[in-house]
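Visitor:
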Amino acid sequence: MRSPKDFFAPLAVGAPEPVRQIPALPSRMIHFFDPSNEKMVAKAPDLAKKVDVLLGNLEDAVKADRKEAAREGLVKVAKENDFGSTQLWTRVNSLDSPWVLDDLITLVTEIGDKLDVIMVPKVEGAQDIHYVDRLLAQLEARAGLRKPLLVHAILETASGVANVEEIAGASPRMQGISLGPADLAASRRMKTTRVGGGHPGYLVRTDPVGDDLTEGRTTYQQDLWHYTVARMVDACVLHGILPYYGPFGDIRDVVACEDQFRNAFLLGCVGAWSLHPVQIDIAKKVFSPAPEDVAWARKVIAAMGDGTGAVMIDGKMQDDASVKQCRVVAELADALAAGDPELAEAYDAATKEALA
Ligand SMILES: CC(=O)SCCNC(=O)CCNC(=O)[C@H](O)C(C)(C)COP(=O)(O)OP(=O)(O)OC[C@H]1O[C@@H](n2cnc3c(N)ncnc32)[C@H](O)[C@@H]1OP(=O)(O)O
Ligand SMILES: O=CC(=O)O
Ligand SMILES: [Mg+2]
Numbered sequence: 001m002r003s004p005k006d007f008f009a010p011l012a013v014g015a016p017e018p019v020r021q022i023p024a025l026p027s028r029m030i031h032f033f034d035p036s037n038e039k040m041v042a043k044a045p046d047l048a049k050k051v052d053v054l055l056g057n058l059e060d061a062v063k064a065d066r067k068e069a070a071r072e073g074l075v076k077v078a079k080e081n082d083f084g085s086t087q088l089w090t091r092v093n094s095l096d097s098p099w100v101l102d103d104l105i106t107l108v109t110e111i112g113d114k115l116d117v118i119m120v121p122k123v124e125g126a127q128d129i130h131y132v133d134r135l136l137a138q139l140e141a142r143a144g145l146r147k148p149l150l151v152h153a154i155l156e157t158a159s160g161v162a163n164v165e166e167i168a169g170a171s172p173r174m175q176g177i178s179l180g181p182a183d184l185a186a187s188r189r190m191k192t193t194r195v196g197g198g199h200p201g202y203l204v205r206t207d208p209v210g211d212d213l214t215e216g217r218t219t220y221q222q223d224l225w226h227y228t229v230a231r232m233v234d235a236c237v238l239h240g241i242l243p244y245y246g247p248f249g250d251i252r253d254v255v256a257c258e259d260q261f262r263n264a265f266l267l268g269c270v271g272a273w274s275l276h277p278v279q280i281d282i283a284k285k286v287f288s289p290a291p292e293d294v295a296w297a298r299k300v301i302a303a304m305g306d307g308t309g310a311v312m313i314d315g316k317m318q319d320d321a322s323v324k325q326c327r328v329v330a331e332l333a334d335a336l337a338a339g340d341p342e343l344a345e346a347y348d349a350a351t352k353e354a355l356a
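Sequential numbering of the sequence shown, starting at 1, is according to full-length UniProt numbering.
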């Protein structure tokens, strides 16, 4: 671990100064596309207008014989397009793969000024982030970059989960962490074959009434990812970085996708991955606070004045703690509304009604 005094020093002569605060830019959906897939590439400029983050994926879901094509495709997409305020991220191949070194060298050298965040898969501990951190500094210095690239880790190995706090704090480049439920399930030897989401076998059952152990006992499916998401959120908040739910693989089941995303939102995540265009609007809806919640938050903030003491609003006690919860919702709403006039109007209309 670096000394706290050196934590914000560049790791290579000529590399840009590390950031001291992770920018809280909207990132409700990180939209994955395969840059070697011509159809997806053709859709990228239009999709960029709808998403907060467009991510050129080079890792899993790209066939081994398409790895170079995906890397080159991403370079081309980045050079030929200006995505405006939409962030451009990439997911490079894993650190033990034969492709990652060329991924990093090529991307930083060719399009380092266009990329915002590099997602690193299968992170096991702080040592993986330290390796990427130094290499990026060397490459940034050589490319003459003025802005440091940020790093996002996927939490998808059992050792990654065991070390999540040290991963979150391993470098000032750490922007955030996403849950990777598919690889994590394999790494942990969980017995689900789904990409995220629940499992009907993971449940609790009400107690028996009398001697009958079978009839009248309601079961409730539980969230397989609750523990990991909650732990990831705490690690991220501890280090001032952003937590995300990752992929939901049942593209057809838009209802369960929305539920999984909402669980993550309520637990503190700021966004999730969209693997297919149909998941973009789900993420947008879920990770933007609902107008009625924003209206309530603004009402409590207005009633609480300097934020101390206790008041009753609509039969509910409010105090210093609840106004802080309301500020979280209201500040997120303001940040999202600043770039989205439709959302701003919905929030203002609901607030007007609540305050009338
Ligand atoms: C566990 C993990 O690592 S998750 C992350 C890695 N996985 C990924 O990145 C997967 C990304 N998504 C995909 O590859 C695809 O969406 C698939 C394979 C799941 C489904 O693809 P398809 O069978 O083509 O789906 P579908 O027929 O519904 O697609 C409709 C259209 O949307 C396009 N499309 C599908 N997914 C995407 C996408 N992510 N981005 C842009 N366009 C897309 C298709 O090319 C198709 O275009 P067309 O109408 O011009 O033919
Ligand atoms: O990369 C994501 C995962 O779930 O695995
Ligand atoms: Mg994975």
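Think of the CB as a built atom: it goes at the ideal place given N, C-alpha and C, for glycine as much as any other residue.
Is HIS276 near ligand 1, judged by its Cβ being under 7 Å from some heavy atom?
Guide: Working through the sequence shown from its first residue, we reach residue 276 at position 276. Yes, the beta carbon of HIS276 sits closer than 7 Å to at least one heavy atom of ligand 1.
Visitor: Put GLN127 into one of helix, strand or coil per three-state DSSP.
Guide: The residue given as residue 127 occupies position 127 in the sequence shown. It is helical.
Visitor: When burial is assigned at 16 or more other CB atoms within 10 Å of the CB, is ASP183 buried or exposed?
Guide: Your numbering for residue 183 matches position 183 in the sequence shown. Looking at its Cβ environment, which holds 16 or more other Cβ atoms inside 10 Å, ASP183 is buried.
Visitor: For ligand 2, I want to know if GLU156 counts as a neighbour, meaning its beta carbon is within less than 7 Å of at least one of the ligand's heavy atoms.
Guide: For the purposes of this step, residue 156 is taken as the residue at position 156 of the sequence shown. Yes, Cβ of GLU156 sits closer than 7 Å to a heavy atom of ligand 2.
Visitor: So does ALA185 have its beta carbon nearer than 7 Å to some heavy atom of ligand 1?
Guide: For the purposes of this step, residue 185 is identified with residue 185 of the sequence shown, where counting begins at 1. Incorrect: ALA185 has no Cβ contact closer than 7 Å to ligand 1.
Visitor: Of all the CB atoms in chain C, is at least one closer than 8 Å to the CB of SER159?
Guide: Protein chains in the displayed structure number just one, and chain C is not present.
Visitor: Give the list of continuous beta strand (DSSP E) stretches no shorter than 3 residues that lie fully inside the stretch 146-219.
Guide: For the stretch 146-219, whole beta strand (DSSP E) runs of length 3 or above, ordered along the chain, are 150-155, 174-179, 203-205.
Visitor: Given ARG188, which residues of its chain have a CB within under 6 Å of its CB, disregarding the five upstream and five downstream residues?
Guide: Here the question's residue 188 lines up with position 188 in the sequence shown. Within the same chain, ARG188 has close Cβ partners ALA158.
Visitor: Going by the CB atoms, is the gap between LEU155 and ILE129 shorter than 8 Å?
Guide: Start at 1 with the first residue of the sequence shown, and residue 129 comes out as number 129. Start at 1 with the first residue of the sequence shown, and residue 155 comes out as number 155. No; because the gap between Cβ atoms is not below 8 Å, this pair is not in contact.
Visitor: Any idea what DSSP makes of ARG91, helix, strand or coil?
Guide: Indexing the sequence shown from 1 puts residue 91 at position 91. Of the three classes helix, strand and coil, the one that applies to ARG91 here is strand, per DSSP.
Visitor: Under the three-state reduction of DSSP, which class applies to HIS31: helix, strand or coil?
Guide: Start at 1 with the first residue of the sequence shown, and residue 31 comes out as number 31. In this structure, HIS31 counts as strand in the three-state DSSP scheme.
Visitor: From ALA230 to PRO121, what does the alpha carbon distance come to, in whole angstroms?
Guide: The residue you call residue 230 lines up with position 230 of the sequence shown. The residue you call residue 121 lines up with position 121 of the sequence shown. Taking the straight line joining both Cα atoms gives about 20 Å.
Visitor: What span of residues does the beta strand (DSSP E) with TYR244 cover, start to end?
Guide: Counting from one through the sequence shown, the residue named residue 244 turns up at place 244. TYR244 -> beta strand (DSSP E) spans 242-244.
Visitor: Looking at the secondary structure, which residues open and close the alpha helix (DSSP H) in which SER322 lies?
Guide: As a working note, residue 322 is residue 322 in the sequence shown. Per DSSP, SER322 belongs to the alpha helix (DSSP H) from 320-337.
Visitor: Between the C-alpha atoms of PRO341 and VAL270, what's the straight-line distance to the nearest angstrom?
Guide: Start at 1 with the first residue of the sequence shown, and residue 341 comes out as number 341. Start at 1 with the first residue of the sequence shown, and residue 270 comes out as number 270. Going by the C-alpha atoms only, they are around 20 Å apart.
Visitor: Could you round the C-beta distance between VAL117 and LEU150 to whole angstroms and report it? I think they count as a contact, below 8 Å.
Guide: Here residue 117 corresponds to residue number 117 of the sequence shown, with the count starting at 1. Here residue 150 corresponds to residue number 150 of the sequence shown, with the count starting at 1. The Cβ separation is near 5 Å, so the contact holds.
Visitor: Quick one: using the 10 Å Cβ neighbour count with 16 as the cut-off for buried, is GLN279 buried or exposed?
Guide: Against the sequence shown, residue 279 aligns to sequence position 279. Its Cβ being crowded by 16 or more others within 10 Å, GLN279 is buried.
Visitor: Spatial neighbours of VAL286 within its chain, please: C-beta separation below 7 Å, excluding the five flanking residues on both sides.
Guide: Taking the sequence shown and counting its residues from 1, one reaches residue 286 at position 286. Same-chain partners within the cutoff: GLU258, PHE261, ARG262, PHE265.
Visitor: Closer than 7 Å to a non-hydrogen atom of ligand 3 - does that hold for the CB of GLY125?
Guide: By one-based count along the sequence shown, residue 125 stands at place 125. Flag unset: Cβ of GLY125 not near ligand 3.
Visitor: I'd like the ranges of any beta strand (DSSP E) spanning at least 3 consecutive residues and lying wholly in the stretch 293-321.
Guide: Complete beta strand (DSSP E) runs here, min 3: 311-313, 316-318.
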